[in-house]
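These notes are about the structure you will find just below.
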Amino acid sequence: MSQDQILSISYFDQVIGPNMFYSSEPLENVVGAPDLDRILEFNDEEGTFIFAYRKYQTVNHLFYIESKFARGGKDLMMISYMIKTAIFKDEIVDVFKYLDSKGPILEDFAEEIKKMNELTALLHLKRSVISEGNVLNYADEKLKNAFLEIFNKYFRKLTPEYRLETPIKSKKIIKKVFIAGAPKAGKKTLLKNIELIQFLNIKNNDLSVRILEVLIENLEILEYDENECEFGCKGFNSFDECVTHAQGLILIFKLSDQNSIIDTKNMFQIIEDKYLEKVIDPIPVLIIGNKFNIDEDNKKEKIHNIFDIEKLKENGRRIRYFPIKILEEDDRVMKSLRWMIKNIL
């Protein structure tokens, strides 16, 4: 089985925390593998839910197994089935419809795991015998074979023999929302905070959360070459290709730093000039002033003037400015992203 589809069983160890019981692929060897530990750290309610990471979409089932070794008499376990996003078409409905259909299979799998009485003792081996890692390796042959027989049966049910879709090879169908801005303006911080906000909403499978997941999957920070005065992005050979395949642009600068504002404006102008040169429709632009003090909210007029926002709007451009304390004001981050999503759709 390839890394395109992975089935993993993890559990919450009452000594060391989240731990891997068994996985069809060692996740430490999988580039862009989901961080399953985070789910187990923040969730203890039984249920099935979908969660998107940057390279993988996952459907997860949390459940308790009776245990005479555990505090409270129960151990928390989780089954995770994950798929690489690239093997699906570029339509969100396909991905979630497929994953939704796998929920009942995970639930049936959990019921069979609950019947394996010897399994809970394995979860509570002495620390001198077992540490973090693939716990099934420490089982006796009888238990190991019994578990793998069930595991492989359900993996076959989850993964069809044929591929879901031909892997995406054509760059023409790849669409990105790019993040650009002055050095140390908070680009990586914004990206990580967006992912955290989405993570904290994993139980909400409504449409807005699902669309946010797709946006996160396609967010990328543009690399700026000061010598060439142009940008580069992953998967493309030139700045021209980056621009051609962009769906949206997020600009970030430090609101308290005049140089940061001007540097970001100059970068924006380079991108704007490229659109004029290629004679293609411009994309929606979200401008974020990363603020550190409350009184920086009063700089709206100044930012509008520097970026010519009113003039661009009069010319039909989809552009908006938000002053945001990106590490603290999650509601404003979400409000700005909703604006971007609305203007992409």
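Numbered according to my numbering, the sequence shown terminates at residue 350, and the numbering increases by one at each position without gaps.
Even glycine gets a Cβ: it sits at the ideal position worked out from N, Cα and C.
Distance check for residue j and residue i, CA to CA, integer angstroms please.
i: glutamate 96; j: lysine 181; result: The pLDDT assigned to glutamate 96 is 44, lower than 50, so where the model puts this residue is not dependable, and the model offers no usable value.
i: isoleucine 288; j: glutamate 333; result: 28 Å
i: leucine 212; j: lysine 73; result: With a pLDDT of 45 at leucine 212, under the threshold of 50, the modelled position of that residue is not reliable, and no figure is offered here.
i: leucine 201; j: glutamate 228; result: 23 Å
i: glutamine 10; j: isoleucine 221; result: 20 Å
i: valine 36; j: lysine 60; result: 8 Å
i: lysine 94; j: arginine 161; result: In this prediction, lysine 94 scores a pLDDT of 46, lower than 50, which makes its location untrustworthy; the coordinate-derived value is nonetheless stated afterwards. Spanning the two alpha carbons is a distance of roughly 22 Å.
i: glutamine 62; j: valine 100; result: 8 Å
i: isoleucine 285; j: arginine 323; result: 15 Å
i: asparagine 303; j: serine 261; result: 11 Å
i: glutamine 8; j: tyrosine 86; result: 11 Å
i: glutamate 33; j: phenylalanine 17; result: 18 Å
i: glycine 321; j: lysine 296; result: 28 Å
i: proline 172; j: arginine 343; result: At proline 172, the pLDDT of 38 sits below 50, so the modelled position is not reliable and the matter cannot be decided from this model.
Start and end of the alpha helix (DSSP H) containing residue i?
i: phenylalanine 156; result: 146 to 163
i: glycine 108; result: 108 to 119
i: histidine 309; result: 305 to 311
i: lysine 340; result: 335 to 349
i: leucine 227; result: Per DSSP, leucine 227 belongs to no alpha helix (DSSP H) and is neither H nor E.
Is there at least one Cβ from chain C nearer than 7 Å to residue i's Cβ?
i: threonine 164; result: Absent here is chain C; the protein component of the structure consists of one chain.
Starting from residue i, follow the beta strand (DSSP E) in both directions and report where the run begins and ends.
i: glutamine 10; result: 10 to 18
i: valine 182; result: 181 to 186
i: arginine 325; result: 324 to 329
i: serine 28; result: 22 to 28
i: valine 290; result: 290 to 295
i: phenylalanine 56; result: 52 to 57
i: alanine 126; result: Per DSSP, alanine 126 belongs to no beta strand (DSSP E); it is in the alpha helix (DSSP H), 124 to 128.
i: tyrosine 69; result: 61 to 71
i: tyrosine 86; result: 79 to 89
Residue i: which of the options sits nearest, CA to CA?
i: isoleucine 267; options: Ala251, Glu277, Ile308 and Ile276; result: Ile308
i: phenylalanine 312; options: Asp335, Lys270, Glu146 and Val35; result: Lys270
i: lysine 1; options: Leu256, Glu235 and Ile314; result: Residue 1 lies beyond the range of the chain shown here (6 to 350); nothing can be said about it.
i: glutamine 252; options: Lys347, Asp80 and Tyr103; result: Lys347
i: valine 20; options: Glu315, Asn34 and Glu46; result: Glu46
i: alanine 57; options: Ala185, Glu146 and Ile199; result: Ile199
i: glutamine 274; options: Gln263, Asp262, Asn122 and Val290; result: Val290
i: methionine 82; options: Thr125, Asp245, Asp262 and Tyr143; result: Thr125
i: phenylalanine 156; options: Leu128, His129 and Met121; result: Met121
i: histidine 66; options: Asp80, Arg43 and Ile110; result: Ile110
i: lysine 158; options: Lys147, Glu306, Glu117 and Leu148; result: Glu117
i: arginine 76; options: Ser106, Tyr27 and His129; result: His129
i: leucine 317; options: Ile331, Val248, Met345 and Glu277; result: Glu277
Can you check whether the CB of residue j is closer than 7 Å to the CB of residue i?
i: valine 64; j: isoleucine 55; result: yes
i: isoleucine 329; j: valine 338; result: yes
i: phenylalanine 68; j: glutamate 50; result: no
i: asparagine 139; j: methionine 272; result: no
i: lysine 197; j: isoleucine 184; result: no
i: isoleucine 88; j: isoleucine 14; result: no
Would you say the beta carbon of residue i comes nearer than 6 Å to a heavy atom of the ligand NAP?
i: threonine 53; result: Because no ligand of any kind appears in the structure shown, any question about the ligand NAP cannot be addressed here.
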